[in-house]
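Protein chains: 2
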Amino acid sequence: MLKFEIAKEDEFTKARAGLLHTGHGCIQTPVFMPIGTRGSVKAIQPRELLEINASIILGNTYHLYQRPGVEVLQKFGGLHPFISWPKPILTDSGGFQILSLNELRKLRRDGVEFRSHIDGSYHFFTPEKVVEIERQIGADIIMVLDECAPYPSDREYVSKSIELTNDWAMRCKERFNASDALYGYPQYLFGIVQGGIYDDLRENSAKQLITADFDGYAIGGLAVGERADQMYSVIDFVTNFLPTAKPRYLMGVGTPDNLLEAVERGVDMFDCVLPTRNGRNAQVFTSKGTVNIKNAIYRFDGGPLDDECDCYACRNFSRGYIRHLFSVGEILGLQLASLHNLRFFISLMAKTRTAIIDGRFREFKQQTQSKLSKKKKEEI
Amino acid sequence: MLKFEIAKEDEFTKARAGLLHTGHGCIQTPVFMPIGTRGSVKAIQPRELLEINASIILGNTYHLYQRPGVEVLQKFGGLHPFISWPKPILTDSGGFQILSLNELRKLRRDGVEFRSHIDGSYHFFTPEKVVEIERQIGADIIMVLDECAPYPSDREYVSKSIELTNDWAMRCKERFNASDALYGYPQYLFGIVQGGIYDDLRENSAKQLITADFDGYAIGGLAVGERADQMYSVIDFVTNFLPTAKPRYLMGVGTPDNLLEAVERGVDMFDCVLPTRNGRNAQVFTSKGTVNIKNAIYRFDGGPLDDECDCYACRNFSRGYIRHLFSVGEILGLQLASLHNLRFFISLMAKTRTAIIDGRFREFKQQTQSKLSKKKKEEI
């Protein structure tokens, strides 16, 4: 069973600071997890991830199963040595990717059929098979196979979907219990609460799920198109039904604002493509809000991307230079912006943790959000 | 006047080991200079250049003049602080790029007219103007404006071309002497010998050029389509007419083999896009020859790109992983291959220098070339 220590619970909100113990080291929560879908956090080297204090990264079962394939990963002793990453890894099941990326897929009671988006080959993922693949990949934390209902979906669809998802979750848990980790360190299994924006369905999903006593619980199916207030309301509601002693992971979310709101509502773990995807497109997160570094106003600007940041990009390069790199299409531009953005998200969660421990989470959140909205006002 | 010390001359060939003193530090020759055309060595961070022991990099006057523009570079105090590079920089004049990249350009007696390939704007580069721009860019070593005659060109064309090039060289030298460095450290001016594959024209070009006593001499107009033996013959011939006490720079060359042959014929400095361009295309230079790392034979290969290399890529990642990165199109693949290739070229020149100093250049060259051709034989 995954050891999760709660170091401090906030007095006024559901925020908490925790410690998650894995075979590849300890993770301080709340935590932001960079995404390395296909075995690489885009344009970032593992030593840079260590440098910016990333403590866990993500991989994707669906993508890694296709390339490099489990036979390669097994030959190398799992994903950690293959990608040369010494700290924890979490793998998503890939259910979301199968259902969203594939035209040729069919949801069945017993699993999901699909054709590879690479070579058209036929595959069938059952809950059991996904757990087996995740054993072979060797992530420290593995996710059950689930269906993330599209938004908007009507009540009836979502109701059936959570039945399926919970059935799959139980089957995953069974296979997980009946199998062993392959590489000499433990693996942990998280369940995923679904239910769209329907409180009662979320409640059902959570209550059924916790009967299986997973190592942690994810909240899935959010940030798929619903309004921010709907998302916050669901998070706030769902965390009431999740055991306090287990880590909670909000999948695929979100902006710095989203993260702070979710921490307040009791979430511990986050992953999102925003820092790297936006970084590749010259969108830079700063303590004073987001900026488009390609903007001509930065041409002569000698200041760093963010004067509160300690990353390599901010310590060594000016906005003017990084703007130039994007203007002429140099890869170094997106490397530096991605590195900075990741550091910004990781640092935001580290500062949030310190604020929780120091008993000043609410002030910290208010001040941080007020600063984050500054740039938007300035640029109007 | 540029201080160039010759530490050792080879007893059996024209190879020599030297020390070039600049305002940004000392350069050990023979040296390979990574190319950072637009202010960035593609996909490589300055700290990585330091790590692989790059001692000088290139910039391109034509490209930097257009973007970011000299007004930006002047505002930042020159190219070094703009790109955060503490060691020497050499700028090519951009003559080659103007003449090869532009449809809309016109060679005149007094300079070259062109329209920008970016915005179509009209520009006129005279020899004097190029020196002024290079003053503003602030490279340690700057190159005269020249015409690199296309290959093949007939005798008459090349003969007229070297007249023009030498006239421009003298005008560059005059303006250089009449102007000052802008940023508190000295700049040095190199002349460029042209003359195609015509020995007598090369001799004329060299003899005229050295009357102006440049700080160093480049051999231009090679590796433009002529056979390797023609190139080696020209190099061997030209170096006879260049002063021993001045550094010699072979522009735009070449493969590891080319470098060793040119060192033997008395060349000290090299630049080439091969390590980075080929690296971005999965072509990896190794001590046993070049390999295409995308090849399926590397899928399960746990060895490094080159087991004799000490770079970050070779110390931490397998051929199997780097192959995977290229297969799925991850940027990290080209970052690692570029870094390794640059280290390979820099290391090759460092080992060559040591061999010259130890008086075993010929054996070193023979052994190295024999190993370099190994892969080719293996893969047949």
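Residue numbers (this note's numbering), protein chains in the order written: chain Z, 1 to 380; chain H, 1001 to 1380. All residues carry an ideal CB built from backbone N, CA and C; glycine is no exception.
Whole-angstrom distance between residue j and residue i, CA atom to CA atom
i         : j         : result
Z:SER100  : Z:GLN366  : 36 Å
H:ASP1110 : Z:TYR298  : 37 Å
H:VAL1112 : H:VAL1263 : 33 Å
Z:ILE380  : Z:LYS374  : Summary for Z:ILE380: the model assigns pLDDT 46, below 50, so the residue's position carries little reliability; its value from the coordinates is reported in the next sentence. When rounded, the distance between both Cα atoms is 10 Å.
H:LEU1020 : H:LEU1090 : 13 Å
H:PHE1096 : H:TRP1085 : 25 Å
H:ARG1227 : H:VAL1234 : 11 Å
H:LEU1182 : H:ILE1133 : 11 Å
H:ALA1054 : H:GLU1308 : 18 Å
Z:GLN230  : H:GLY1059 : 53 Å
H:PHE1012 : H:ARG1362 : 8 Å
H:LEU1049 : Z:LEU336  : 15 Å
H:LEU1260 : H:THR1354 : 13 Å
Z:GLY216  : Z:LYS246  : 5 Å
H:ASP1271 : Z:PHE214  : 59 Å
H:CYS1148 : H:GLY1221 : 5 Å
H:GLU1163 : H:TYR1185 : 32 Å
H:GLY1196 : H:VAL1238 : 11 Å
H:ASP1200 : H:MET1251 : 20 Å
H:LEU1334 : Z:ALA296  : 29 Å
Z:ILE52   : Z:TYR198  : 38 Å
Z:ASP167  : Z:ILE322  : 50 Å
Residue i, enclosing beta strand (DSSP E) - first and last residue
i         : result
Z:GLY111  : 111-115
H:LYS1246 : From DSSP, H:LYS1246 is part of no beta strand (DSSP E); its letter is neither H nor E.
Z:ILE27   : 25-29
H:GLN1283 : 1283-1286
H:ASN1060 : 1057-1060
Z:THR368  : No beta strand (DSSP E) contains Z:THR368, which is instead part of the alpha helix (DSSP H) from 361-372.
H:LEU1019 : 1016-1022
Z:ILE118  : Taken as a continuous stretch (DSSP letters only), Z:ILE118 belongs to no beta strand (DSSP E), as it is neither H nor E.
Z:LEU90   : 89-92
H:LEU1107 : 1105-1108
Cβ pair residue i, residue j closer than 9 Å
i         : j         : result
H:GLN1028 : H:VAL1070 : no
Z:ALA8    : Z:GLY359  : Correcting the residue type first, residue 8 of chain Z is Lys in the shown sequence and not Ala. Yes. Within cutoff.
Z:PHE76   : H:GLY1320 : yes
H:LYS1106 : H:GLY1025 : no
Z:LEU332  : Z:TYR312  : no
H:ALA1139 : H:GLN1066 : no
H:HIS1063 : Z:PHE82   : no
H:PRO1304 : H:SER1287 : no
H:VAL1284 : H:THR1276 : no
Z:ILE142  : Z:SER93   : yes
Z:LEU372  : Z:PRO256  : yes
Z:ARG38   : H:GLU1330 : yes
Residue of the options minimising C-alpha distance to residue i
i         : options                                    : result
H:GLY1120 : H:ASP1200, H:VAL1144, H:MET1251, H:GLU1103 : H:GLU1103
H:GLU990  : H:ASP1215, H:ILE1219, H:PHE1214            : There is no way to answer for residue 990 of chain H, as the model of chain H reaches only from 1001 to 1380.
H:PHE1344 : H:MET1001, H:ARG1038, H:GLU1132, H:ASN1278 : H:ASN1278
Z:LEU242  : Z:PRO150, Z:SER327, Z:LEU209               : Z:LEU209
H:LEU1342 : H:VAL1144, H:SER1233, H:PRO1046, H:VAL1072 : H:PRO1046
H:GLY1225 : H:TYR1157, H:VAL1291, H:LEU1274, H:TYR1151 : H:TYR1151
Z:ASP236  : Z:ALA355, Z:LYS3, Z:GLU5, Z:ALA15          : Z:ALA15
Z:VAL328  : H:HIS1117, H:MET1269, H:ASP1167            : H:HIS1117
Z:TYR122  : Z:MET251, Z:PHE114, Z:LYS129               : Z:PHE114
H:VAL1158 : H:PHE1176, H:PHE1125, H:GLN1194            : H:GLN1194
Z:MET33   : Z:GLY302, Z:PHE124, Z:VAL253, Z:ASN240     : Z:VAL253
Z:VAL17   : Z:GLN369, Z:ILE356, Z:PHE364               : In the sequence under discussion, the amino acid at residue 17 of chain Z is Ala, which differs from the Val named in the question. Closest by alpha carbon: Z:ILE356.
Z:ARG171  : Z:SER153, Z:VAL144, Z:THR244               : Z:VAL144
Z:GLU5    : Z:ASP306, Z:ASN281, Z:SER40, Z:THR244      : Z:THR244
H:TYR988  : H:ASN1166, H:MET1269, H:THR1061            : The requested residue 988 of chain H is not part of the displayed model; chain H covers only 1001 to 1380.
Where the alpha helix (DSSP H) through residue i begins and ends
i         : result
H:LEU1348 : 1331-1357
H:LYS1075 : 1070-1075
H:ALA1262 : 1256-1264
H:ILE1098 : 1095-1101
Z:ARG47   : 46-51
Cβ-heavy atom distance, residue i to the ligand FMN, below 8 Å
i       : result
Z:SER40 : Annotation note on the ligand FMN: not contained in the displayed structure, which lists no ligands.
Inside the segment 195-236 of chain Z only - alpha helix (DSSP H) runs reaching at least 4 residues: 199-210
Uninterrupted beta strand (DSSP E) stretches inside the segment 136-166 of chain Z (no shorter than 3 residues): 141-143
Segments of 4+ residues assigned as alpha helix (DSSP H) that fall wholly inside the segment 271-327 of chain Z: 274-280, 312-316, 319-327
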